[in-house]
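Asks:
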Amino acid sequence: MSETVSFGYQDVAVSEKTARVGEVFTSVARNYDRMNDAMSGGMHRLWKDRFVRRVKPREGEFVLDMAGGTGDIAFRMEPSGAHISVADINAEMLEVGIARAAERGIDGLVWTQANAESLTFPDSSFDAYTIAFGIRNVTNIPAALAEAHRVLKRGGRFFCLEFSTTVWPGFGDLYDAYSHRLVPRIGKLIAGDEDSYRYLIESIRRFPDMPRFESMIADAAFVQTRVEPMLGGLVAIHSGWKI
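Its first residue numbered 3, the sequence shown is counted upward by one per residue in our numbering.
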């Protein structure tokens with residue numbers, strides 16, 4: 003029997019998932035940021051601000067922002083003076099980010115189409131690796147974490163912002179009801195795409211909970227791993243260090 007991985011609530015062949023996720027993000031790229039505002043009530047902006055404060059990019063550092071196509075995290079880090087490379091597997095997402103950078107007069111970012119599971123950057127290239135709301139869409143998460151560890155310098159830091167499972171009593175049920183019933187409808191209204199947003203919500207439900215994902219980060223040889231939950235863990239900042 004061939005190996006399968008989750009694609010939302012479906013189990014699909016490993017060889018199929020990357021292509022299907024690519025189709026989702028090609029479909030949603032042009033409306034991705036509008037949908038983030040609609041789905042989170044604008045709170046994703048506060049989560050990303052907090053995330054970048056934890057990363058603390060510094061002048062002269064080299065930072066890789068993986069799955070950062072639309073530029074949201076990179077734009078927040080750019081004023082620090084760090085050298086930022088934005089990588090994303092999806093060309094359409096990168097096109098959106100490049101256009102947004104031009105609108106803002108930001109021309110110092112490096113944009114690269116890349117697969118998180120098989121990066122072409124040399125070993126020990128970066129002082130920090132960031133990935134926000136992207137790792138749950140990776141086909142082979144352990145491979146992506148291993149690549150993050152490989153491209154970091156000794157003393158480099160890994161930071162991941164991702165949805166998780168809230169531990170607040172009752173809140174998880176309310177969020178599930180909202181996300182499953184309303185988010186696909188919002189996607190249809192704003193982006194004309196109900197199915198892609200149904201997948202994005204389902205992918206959150208299939209993602210490992212906070213303790214399990216922290217263990218996966220440790221298994222990739224990161225040390226001093228830490229989890230900072232927000233909204234009881236609906237969203238969490240995961241971090242670790244390479245020594």
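Backbone N, C-alpha and C define an ideal beta-carbon position, used for all residues, glycine too.
The structure presented is a predicted model; accordingly, all values stated were derived computationally and were not measured.
Going by DSSP, name the residue or residues bridged to residue 228.
Replies: In DSSP, residue 228 forms a bridge with 241.
Asks: Using the rule of at least 16 other Cβ atoms within 10 Å of the residue's Cβ for burial, across every protein chain shown, is residue 6 buried or exposed?
Replies: Exposed, by the Cβ-count rule.
Asks: So, are the CB atoms of residue 241 and residue 161 less than 8 Å apart?
Replies: Closer than 8 Å, so yes.
Asks: To which residues does DSSP link residue 87 through a beta bridge?
Replies: In DSSP, residue 87 forms a bridge with 66, 112.
Asks: Let's see if you can read the secondary structure: which residues bound the alpha helix (DSSP H) around residue 134?
Replies: Per DSSP, residue 134 belongs to no alpha helix (DSSP H); it is in the beta strand (DSSP E), 128-134.
Asks: Helix, strand or coil for residue 105, going by three-state DSSP, please let me know.
Replies: Residue 105: helix per DSSP, three-state reduction.
Asks: Tell me which residue opens and which closes the alpha helix (DSSP H) that residue 50 is part of.
Replies: Element bounds for residue 50: 45-57.
Asks: Less than 8 Å between the C-beta atoms of residue 70 and residue 88, yes or no?
Replies: Cβ atoms of residue 70 and residue 88: closer than 8 Å.
Asks: Is the beta carbon of residue 68 less than 8 Å from the beta carbon of residue 132?
Replies: For residue 68 and residue 132, yes; Cβs fall inside 8 Å.
Asks: Is the CB-CB distance between residue 224 and residue 243 below 8 Å?
Replies: Yes; because the gap between Cβ atoms is below 8 Å, this pair is in contact.
Asks: With which residues is residue 159 paired in a DSSP beta bridge?
Replies: Answer is 130, 243.
Asks: Taking all protein chains shown into account, decide if residue 191 is buried (16 or more other Cβ within 10 angstroms of its Cβ) or exposed.
Replies: The residue is exposed, with fewer than 16 neighbouring Cβ atoms inside 10 Å.
Asks: Please report the distance separating the alpha-carbon of residue 229 from that of residue 238.
Replies: Each residue's alpha carbon lies about 7 Å from the other.
Asks: Starting from residue 145, trace the alpha helix (DSSP H) both ways and give me its first and last residue.
Replies: Its alpha helix (DSSP H) spans residues 143-153.
Asks: Could you pull the start and end residues of the alpha helix (DSSP H) that residue 216 belongs to?
Replies: Looking at the DSSP string, the run of the alpha helix (DSSP H) that includes residue 216 is 212-221.
Asks: Measure the alpha-carbon distance for residue 59 versus residue 110 and round it to whole angstroms.
Replies: Approximately 15 Å, taken between the alpha carbons.
Asks: CB of residue 164 to nearest heavy atom of the ligand MG: below 7 Å?
Replies: Absent from the structure shown: the ligand MG. Ligands present: none.
Asks: Could you compute how far the alpha carbon of residue 96 sits from the alpha carbon of residue 143?
Replies: Distance between the alpha carbons of residue 96 and residue 143 is about 21 Å.
Asks: DSSP state of residue 167, grouped into three classes?
Replies: DSSP places residue 167 in coil when its eight states are reduced to three.
Asks: Just how far apart, CA to CA, sit residue 153 and residue 123?
Replies: Whole-angstrom Cα-Cα distance: 7 Å.
Asks: Considering only their Cβ atoms, is the gap separating residue 165 from residue 121 smaller than 8 Å?
Replies: Not a contact, by the Cβ cut-off of 8 Å.
Asks: May I have the straight-line CA-CA distance separating residue 127 from residue 150, to the nearest angstrom?
Replies: About 10 Å.
Asks: Rounded to the nearest angstrom, what separates residue 112 and residue 54 at their Cα positions?
Replies: So the alpha carbons of these two residues sit roughly 18 Å apart.
Asks: Rounded to whole angstroms, what's the CA-CA distance from residue 3 to residue 208? Just pull it up for me.
Replies: Residue confidence for residue 3 is low, a pLDDT of 40 falling below 50, so the modelled location carries little weight and cannot support an answer.
Asks: If you reduce the DSSP assignment to three classes, tell me which class residue 20 lands in.
Replies: If DSSP states are grouped into helix, strand and coil, residue 20 belongs with the helices.
Asks: With 16 as the cutoff for other CB atoms within 10 Å, does residue 156 come out buried or exposed?
Replies: Exposed, by the Cβ-count rule.
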